[in-house]
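Heads up: the structure comes next, in structure tokens.
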Amino acid sequence: MKPYSIVIHGGAGTLVKGLMTTELETKYKAALERALEAGYIVLKNKGSALDAVEISVKLLEDTPLFNAGRGAVFTAEGTHEMDAAIMDGSNLKAGAVSLVTGIKNPISLARDVMQKSYHVFLAGEGAMEFAKGNGYSIESPDYFYDEVRYQQWQGIKDSTTFQLDHSVKKDGKFGTVGAVACDANGNVAAATSTGGMTNKKWGRVGDSPMIGAGTYANNATCAISCTGSGEYFIRGVVAYDVSCLMEYKGMTLQEAASEVIHHRILKIGGDGGLIAVDAMGNIAMPFNTEGMYRGYKTSKGNGEIAIYKD
Ligand code: ASP
């Protein structure tokens, strides 16, 4: 049996120590721990990396604490439009959805696109039609209502501003969510899910559902899930860039991930971070912001849940 490991994130941004109550911090850590453990158990029971990342992301989507699924931010129209992607590094198969509404777990819909359609990426009305055809129930807007996110939106709704929900310097809720894993067979997978940016309009789509930008997995190199200002991550083709630096330049996972987050993306002004694993179970979690909700656990007995830079 090869070493296995899982890493999760709940968004990177202006997370400064002291700006959050101890109570809220405890809640975030407990939610991260639950999601991490669920994925880890799949790996421990010799399950696939793909199953592990899906279950972890589903649990993060189910808590209103993070900007995905239930906690998705408000768009300029006061709705919730969600994006998600999943990729299997063992065969380079991928599935993604964008601009979906009323879907409890967009990550499972993305997986169904990968496994039950001939396509990789479905968006908007078409994606909703596919969801209905595959038995998804459509939740009412109440399911996604959250007072904190509503107030975030109220603050900027009459402006042309759109913002990363992680970058509000006050007690609040942060975060696109993601998971990457390497299983005992040396297969890797990545999953990312988000509500995007508060007050977004015109069908804005971020990096999260874009294969190669916010999400990528390839057994030959690594599995990556990103978080941050999506526009920069799209332009930097961040997830694939990490993979390319490993494949073409022979960098290690740590070197490649750090090069992209601390140099390449910063050069174009991008703020955020990523989580990564390779097929040997090595992990990396670089970010160039004050903090990133994150956690990891490996079969070698290492693990951590953390928020700030420290
Ligand atoms: N990357 C996401 C987006 O731009 C936002 C995030 O990471 O929270 O949609």
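So for the sequence shown, the working numbering puts the first residue at 9; every next one is plus one.
Backbone N, C-alpha and C fix where the C-beta goes; we use that ideal spot for every residue, glycine too.
Predicted model only: the values in this text are computed from it and were never measured.
Taking C-beta separations shorter than 7 Å and ignoring five residues to either side along the sequence, the partners of alanine 192 in its chain run Met9, Lys10, Tyr12, Leu51 and Lys54, following chain order. Note on lysine 66: 16 or more other CB atoms within 10 angstroms of its CB, so buried under the neighbour-count rule. In this structure, asparagine 75 has its beta carbon less than 7 Å from a heavy atom of ligand 1. The continuous stretches of alpha helix (DSSP H) do not include aspartate 286, which lies in the beta strand (DSSP E) extending over residues 280-286. Beta-bridge partners of threonine 87 (DSSP): none assigned.
Secondary structure of glutamate 312 (DSSP, three-state): strand. Taken atom to atom, the span from the alpha-carbon of arginine 243 to that of isoleucine 49 is near 36 Å.
With contacts defined by Cβ atoms closer than 8 Å, tyrosine 304 and methionine 293 form a contacting pair.
Here cysteine 230 is bridged, per DSSP, to Asp286. At least one heavy atom of ligand 1 falls within 7 Å of the beta-carbon of methionine 205. Distances between the C-beta of aspartate 215 and the heavy atoms of ligand 1 include at least one below 7 Å.
Annotated as proximal: valine 250 and alanine 264, with beta-carbon spacing under 8 Å. Rounded to the nearest whole angstrom, the CA to CA distance from phenylalanine 241 to alanine 20 is 13 Å. Burial check for alanine 38: the Cβ neighbour count within 10 Å stays below 16, so the residue is exposed. Look at the region 113-192 and you find these whole runs of beta strand (DSSP E), each 3 residues long or longer: 129-131 and 185-190. Residue nearest to methionine 122 within the set Gly103, Phe129 and Glu133 is Gly103 (criterion: CA-CA distance).
By the neighbour-count definition (other C-beta atoms within 10 Å, threshold 16), asparagine 99 is an exposed residue. For threonine 184, the shortest C-beta to heavy atom distance toward ligand 1 is below 7 Å. Contact between the region 204-211 and the region 82-91 is present: 3 or more CB-CB pairs across the two stretches fall below 8 Å.
If you draw a straight line from the Cα of serine 237 to the Cα of aspartate 279, it comes to about 6 Å.
Short of 8 Å from the beta carbon of asparagine 195, and not among the five residues preceding or following it, lie these beta carbons of its own chain, in chain order: Ser56, Ala57, Leu58, Asp96, Gly97, Ser98, Asn227 and Ala287. Scanning Thr34, Glu33, Ala43 and Lys25 for the CA closest to the CA of alanine 189 turns up Ala43. Counted as a single uninterrupted DSSP element, the stretch harbouring tyrosine 12 is not any alpha helix (DSSP H), since DSSP gives it neither H nor E.
In this structure alanine 46 is not in contact with threonine 223, their Cβ atoms being roughly 20 Å apart against a cut-off of 8 Å. In this model, threonine 22 and cysteine 252 are separated by some 29 Å (Cα to Cα). Setting aside the 5 residues that flank it on each side, valine 128 is surrounded in the same chain by Ala102, Gly103, Ala104, Val121, Met122 and Ile219, each with a C-beta closer than 8 Å to its C-beta; the list follows chain order.
Between isoleucine 111 and serine 64, the beta carbon gap of about 18 Å keeps them out of contact (Cβ cut-off 8 Å). Judged by DSSP in its simplified three-state form, lysine 257 adopts helix.
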